[in-house]
Amino acid sequence: MESLIRKAMKFSLSSSSFSHLLKDCHSASRATRAKTNTAPAALPPQSLAIIDHNFFQKTKKISERDAPPLLTAASSFVKNFKSGHRRTAIRQAHLSILKTNATADANSAIELALDSVVKIFTVSCSPNYFLPWQNKSQREKIGSGFVIHGEMIITNAHVVADHTFVLVRKHGSPTKYRAEVKAVGHECDLAILIVDSIEFWDGMNPLELGDVPFLQEAVAVVGYPQGGDNISVTKGVVSRVEPTQYAHGATQLMAIQIDAAINPGNSGGPAIMGNKVVGVAFQNLSGAENIGYIIPGPVIEHFITGVEENRKYVGFCSLGLSCQTTENVQLRNHFKMQHDMTGVLINKINPLSDAYKVLKKDDIILAFDNVPIANDGTVPFRNRERITFDHLVSMKKPNETAIVRILRDGEEHEFNVILRDLQPLVPVHQFDKLPSYYIFAGLVFVPLTQPYLHEYGEDWYNSSPRRLCERALREFPKNANQQLVILSQVLMDDINVGYERLAELQVLKINGIEIENLQHLCQLVENCSEENVRIDLDDERIIVLNYGLAKIATSKILKRHRIPSSMSIDLIHLQNLDSALHVKAL
Numbered sequence: 239m240e241s242l243i244r245k246a247m248k249f250s251l252s253s254s255s256f257s258h259l260l261k262d263c264h265s266a267s268r269a270t271r272a273k274t275n276t277a278p279a280a281l282p283p284q285s286l287a288i289i290d291h292n293f294f295q296k297t298k299k300i301s302e303r304d305a306p307p308l309l310t311a312a313s314s315f316v317k318n319f320k321s322g323h324r325r326t327a328i329r330q331a332h333l334s335i336l337k338t339n340a341t342a343d344a345n346s347a348i349e350l351a352l353d354s355v356v357k358i359f360t361v362s363c364s365p366n367y368f369l370p371w372q373n374k375s376q377r378e379k380i381g382s383g384f385v386i387h388g389e390m391i392i393t394n395a396h397v398v399a400d401h402t403f404v405l406v407r408k409h410g411s412p413t414k415y416r417a418e419v420k421a422v423g424h425e426c427d428l429a430i431l432i433v434d435s436i437e438f439w440d441g442m443n444p445l446e447l448g449d450v451p452f453l454q455e456a457v458a459v460v461g462y463p464q465g466g467d468n469i470s471v472t473k474g475v476v477s478r479v480e481p482t483q484y485a486h487g488a489t490q491l492m493a494i495q496i497d498a499a500i501n502p503g504n505s506g507g508p509a510i511m512g513n514k515v516v517g518v519a520f521q522n523l524s525g526a527e528n529i530g531y532i533i534p535g536p537v538i539e540h541f542i543t544g545v546e547e548n549r550k551y552v553g554f555c556s557l558g559l560s561c562q563t564t565e566n567v568q569l570r571n572h573f574k575m576q577h578d579m580t581g582v583l584i585n586k587i588n589p590l591s592d593a594y595k596v597l598k599k600d601d602i603i604l605a606f607d608n609v610p611i612a613n614d615g616t617v618p619f620r621n622r623e624r625i626t627f628d629h630l631v632s633m634k635k636p637n638e639t640a641i642v643r644i645l646r647d648g649e650e651h652e653f654n655v656i657l658r659d660l661q662p663l664v665p666v667h668q669f670d671k672l673p674s675y676y677i678f679a680g681l682v683f684v685p686l687t688q689p690y691l692h693e694y695g696e697d698w699y700n701s702s703p704r705r706l707c708e709r710a711l712r713e714f715p716k717n718a719n720q721q722l723v724i725l726s727q728v729l730m731d732d733i734n735v736g737y738e739r740l741a742e743l744q745v746l747k748i749n750g751i752e753i754e755n756l757q758h759l760c761q762l763v764e765n766c767s768e769e770n771v772r773i774d775l776d777d778e779r780i781i782v783l784n785y786g787l788a789k790i791a792t793s794k795i796l797k798r799h800r801i802p803s804s805m806s807i808d809l810i811h812l813q814n815l816d817s818a819l820h821v822k823a824l
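When we follow my numbering, the leftmost residue of the sequence shown carries the number 239, and every step to the right adds one.
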């Protein structure tokens with residue numbers, strides 16, 4: 239073993255080679271213990287020869303600054319190993335490798351980041367969903383980003399959400415350059431920026447995307463967190479890889495958990511391992527210290543590829559299913575699952591999905607694209623890791639076909655299902671667009687969205703109307719254009735006295751006709767030919783208004799509350815389009 243140290247000083251010893259050396263020593267020790275049933279004080283000659291051979295096969299050059307700590311670790315390893323403290327030797331040497339890797343990655347990350355990572359300055363203005371004709375106060379925020387191929391900058395969607403103005407600044411430059419948002423994927427919390435200035439791109443080097451790192455591999459997060467103006471590098475190791483709730487888009491996608499702090503301003507910055515980007519910093523765990531999350535390479539590549547192929551963001555696919563695990567033996571027996579069968583139970587199917595045509599409630603999904611699904615809903619992922627099968631679904635491109643094998647009434651069937659980006663009945667987010675509204679006689683009608691419920695505060699799930707909240711989270715749409723329209727509030731006037739307590743109820747019918755969405759409600763009211771307008775609400779409540787008096791009152795109410803129009807811009811556009819088509823038909 240001493241000869242290895244002497245040779246290591248002659249030939250540079252890399253951390254990866256030393257890691258292999260540890261594995262070889264551990265394997266040789268285990269083989270010796272199996273023969274002698276003891277813990278020998280020294281390795282037998284044949285084991286030493288094997289280690290010596292493997293060591294020189296795997297040795298690679300490293301920089302001089304990394305050699306001393308590795309040689310010290312090797313010397314300590316030999317001393318402990320010869321004295322019989324094998325576990326201590328391996329554990330201490332492994333920690334030395336991790337520290338050396340982290341230091342090397344941090345130094346490498348700084349060198350790469352200087353010509354690649356930028357600071358982003360965003361001015362944003364979000365709408366007020368309780369008063370949809372108004373915006374909230376303008377606010378400023380900062381974030382990070384990095385350059386990729388094609389003169390594009392990758393950052394987080396939440397950094398540029400509801401933006402009105404975006405600037406970027408590269409490291410070492412006092413100049414800020416105007417940037418335009420080319421594409422935004424709020425589900426995956428990613429965005430692409432472009433800068434037209436030729437001067438900005440002078441000296442900028444694009445970064446390449448790498449593979450998903452393994453557990454305990456060191457990464458360096460680079461960005462511009464709050465607390466300073468210069469670039470910052472934070473070191474950490476990978477502690478977990480699994481689907482995680484993306485806070486911005488409320489979506490379940492793969493994420494990498496690391497033990498490095500990710501603070502406001504870090505968002506959009508690269509997580510670098512070696513000379514490649516393995517993730518994009520995007521969120522941390524509230525209430526915990528040094529637990530951050532990065533978006534992995536597969537999700538980033540899916541987003542970029544979709545934008546390049548379609549010239550716009552195309553979303554992530556879904557089967558449109560609500561499934562239940564089948565870990566209970568009695569449940570599996572009830573659905574005639576054989577002993578060697580595993581899978582998940584279908585509870586609900588989105589009527590707008592392609593799966594609705596071929597799959598049924600109570601089917602058991604056994605495999606997706608020939609990958610067996612376990613009873614807990616997971617599939618194999620890398621070496622001895624597992625991940626929920628939703629990850630396989632989300633990585634498919636829109637309109638791609640997947641093979642789904644199911645069990646139905648004790649018989650196996652196989653179907654081809656086209657995957658699409660399915661939109662929920664109640665939109666999860668409404669970034670970068672103005673909310674829709676329609677006002678009639680002081681009654682403010684809006685489509686139900688989760689951002690509307692978020693106006694009730696951070697604890698919106700408990701403080702918002704329970705019935706609306708349950709529908710927002712659980713109901714599937716019945717047709718493509720369906721919306722849940724609610725009476726948001728009543729702007730008080732003589733015309734609507736007595737109806738003020740009917741706010742926050744869903745609108746069901748206008749003059750006996752079931753409404754499909756807000757546009758349909760607007761058309762039914764505007765084109766009303768009867769003396770009175772009857773509005774049927776949830777909970778069997780009814781509103782009746784004289785149409786002529788209500789139209790007159792609407793103008794007075796709008797003027798009193800300084801509201802520019804009785805309907806949002808999108809409804810005005812649709813109304814004008816319908817009128818033009820009607821005139822053309824005549």
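Glycine included, C-beta positions come from ideal geometry on N, C-alpha and C. Computed from a predicted structure; not experimentally measured.
Residue i in three-state terms, based on DSSP
| i | result |
| --- | --- |
| Pro-610 | strand |
| Asp-670 | coil |
| Arg-478 | strand |
| Ser-354 | coil |
| Asp-440 | coil |
| Ala-593 | helix |
| Val-865 | Limits of the chain in this structure are 239 at one end and 824 at the other, which puts residue 865 out of reach. |
| Pro-370 | coil |
| Glu-752 | strand |
| Gln-744 | strand |
| Asn-588 | coil |
| Asp-777 | helix |
| Gln-495 | strand |
| Val-457 | strand |
| Cys-766 | coil |
| Gln-761 | helix |
| Leu-809 | helix |
| Ile-603 | strand |
N-terminal and C-terminal residue of the alpha helix (DSSP H) that residue i is part of
| i | result |
| --- | --- |
| Gly-381 | Premise fails: Gly-381 lies in the beta strand (DSSP E), 377-386, not in any alpha helix (DSSP H). |
| Thr-792 | 785-798 |
| Tyr-690 | 688-692 |
Rounded separation between residue i and residue j - CA only
| i | j | result |
| --- | --- | --- |
| Gly-441 | Arg-658 | 40 angstroms |
| Ser-571 | Ile-602 | What sits at residue 571 in the sequence shown is Asn, not Ser. Cα-Cα distance, rounded: 12 angstroms. |
| Cys-363 | Lys-634 | 34 angstroms |
| Ser-253 | Val-457 | Note that Ser-253 scores a pLDDT of 42, beneath 50, so its modelled location is shaky; the value from the coordinates is reported in the next line. Ser-253 and Val-457: Cα-Cα distance of roughly 15 angstroms. |
| Glu-650 | Ala-718 | 31 angstroms |
| Leu-660 | Leu-787 | 42 angstroms |
| Ile-641 | Val-596 | 12 angstroms |
| Ala-351 | Asp-600 | 52 angstroms |
| Val-567 | Gln-576 | 11 angstroms |
| Tyr-551 | Ile-432 | 15 angstroms |
| Ile-402 | Gly-487 | According to the sequence provided, residue 402 is Thr. The question's Ile does not apply to it. Near 20 angstroms, if we compare the C-alpha coordinates of Gly-487 and Thr-402. |
| Leu-259 | Pro-534 | Note that Leu-259 has pLDDT 48, beneath the 50 cutoff, so the model's placement of it is unreliable and the number below is only indicative. Rounded to whole angstroms, Leu-259 to Pro-534 spans 30 angstroms at the Cα level. |
| Ser-411 | Ile-386 | 19 angstroms |
Enclosing beta strand (DSSP E) for residue i [first to last residue]
| i | result |
| --- | --- |
| Lys-514 | 514-522 |
| Glu-539 | First-last for Glu-539: 535-548, but that is the alpha helix (DSSP H), not the beta strand (DSSP E). |
| Glu-418 | 418-423 |
| Pro-685 | 681-685 |
| Pro-508 | 508-511 |
| Leu-428 | 428-432 |
| Ile-677 | 676-678 |
Counted within 10 angstroms of its Cβ, other Cβ atoms place residue i as buried (16 or more) or exposed
| i | result |
| --- | --- |
| Asp-697 | exposed |
| Leu-775 | buried |
| Arg-643 | buried |
| Gln-376 | exposed |
| Ser-806 | buried |
| Glu-349 | exposed |
| Ser-674 | buried |
| Lys-357 | buried |
| Lys-374 | exposed |
| Asp-449 | exposed |
| Glu-652 | exposed |
| Ala-710 | buried |
| Ile-380 | buried |
(message) Suppose only complete runs of 4+ residues qualify. What are the alpha helix (DSSP H) ranges in the segment 694-742, listed by chain order?
(response) With a minimum length of 4 residues, the continuous alpha helix (DSSP H) runs that stay inside the segment 694-742 are 698-701 and 704-712.
(request) At 4 residues or longer, and completely inside the segment 612-661: list those alpha helix (DSSP H) runs for me, N to C. (result) If we require 4 residues or more, the alpha helix (DSSP H) runs fully inside the segment 612-661 come out as 628-632.
(request) Mind listing, in chain order, the continuous alpha helix (DSSP H) runs of no fewer than 4 residues lying wholly within the segment 387-414? (result) Entirely contained in the segment 387-414, the alpha helix (DSSP H) runs reaching 4 residues are, in chain order, 395-398.
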